[in-house]
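First up is the structure itself, then whatever we jot down about it.
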């Protein structure tokens, strides 16, 4: 069992930056693939970025070149650095830990990009 707590969301102007953090507890963090998803109002949840236990990263096309996912196994933390934010990045961002067929989700953090 893994418990996940996201933080770092907020209101930011277009072109601005935010750093989201997801802290895990309850299990061996380093063995999990960690994934950031987001869900905008009226839309399906979509993958934003992922980092494997070995450090390999994957990004949605919408995130490439603007977002960076990283993990610090010593701190049981996965980060999502978001730059050049656009209005369409507005969503609730969720952290997920996945191992084999087990998925664990955080409660989400709201990101609003608006002037």
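Residue numbers (our numbering): 722 to 836.
Idealized CB from N, CA, C, for every residue including glycine.
Considering only C-alpha positions, which residue in the set 740, 769, 736 is nearest to residue 730?
As a working mapping, residue 730 is identified with position 9 in the chain shown. The option with the nearest alpha carbon to residue 730 is 740.
Using a Cβ-based criterion (distance less than 6 angstroms to any ligand heavy atom), does residue 722 qualify as near the ligand GTP?
The model on display carries no ligand, and the ligand GTP is accordingly not part of it.
Evaluate residue 792 with the Cβ neighbour count: other Cβ atoms within 10 Å of its Cβ, from every protein chain shown; 16 or more gives buried, anything less gives exposed.
The residue you call residue 792 lines up with position 71 of the chain shown. Flag for residue 792 reads buried.
Mind checking whether residue 830 and residue 727 have CB atoms under 7 angstroms apart?
Numbered from its first residue, the chain shown carries residue 830 at position 109. Numbered from its first residue, the chain shown carries residue 727 at position 6. Contact flag set, yes.
Taking 7 angstroms as the CB-CB limit, is residue 835 close to chain D?
Among the protein chains of the structure shown there is no chain D, as only one such chain exists.
Could you tell me the distance, in whole angstroms, from the CA atom of residue 785 to the CA atom of residue 722?
Here residue 785 refers to the residue found at position 64 when the chain shown is read from its first residue. Here residue 722 refers to the residue found at position 1 when the chain shown is read from its first residue. Residue 785 and residue 722: Cα-Cα distance of roughly 31 angstroms.
Helix, strand or coil, according to DSSP, for residue 792 in the structure here?
By 1-based counting over the chain shown, the position of residue 792 is 71. If DSSP states are grouped into helix, strand and coil, residue 792 belongs with the strands.
On the three-state DSSP scale, how would you describe residue 787?
Position 66 of the chain shown, counted from the first residue, corresponds to residue 787. Coil.
Excluding the 5 residues preceding and the 5 following residue 733 in the sequence, name in chain order all residues of the same chain whose CB lies nearer than 6 angstroms to its CB.
As a first step, residue 733 is located in the chain shown; it is residue number 12 there, counting from the start. Counting only Cβ-Cβ distances below 6 angstroms, and skipping sequence neighbours, we find 739, 806, 834.
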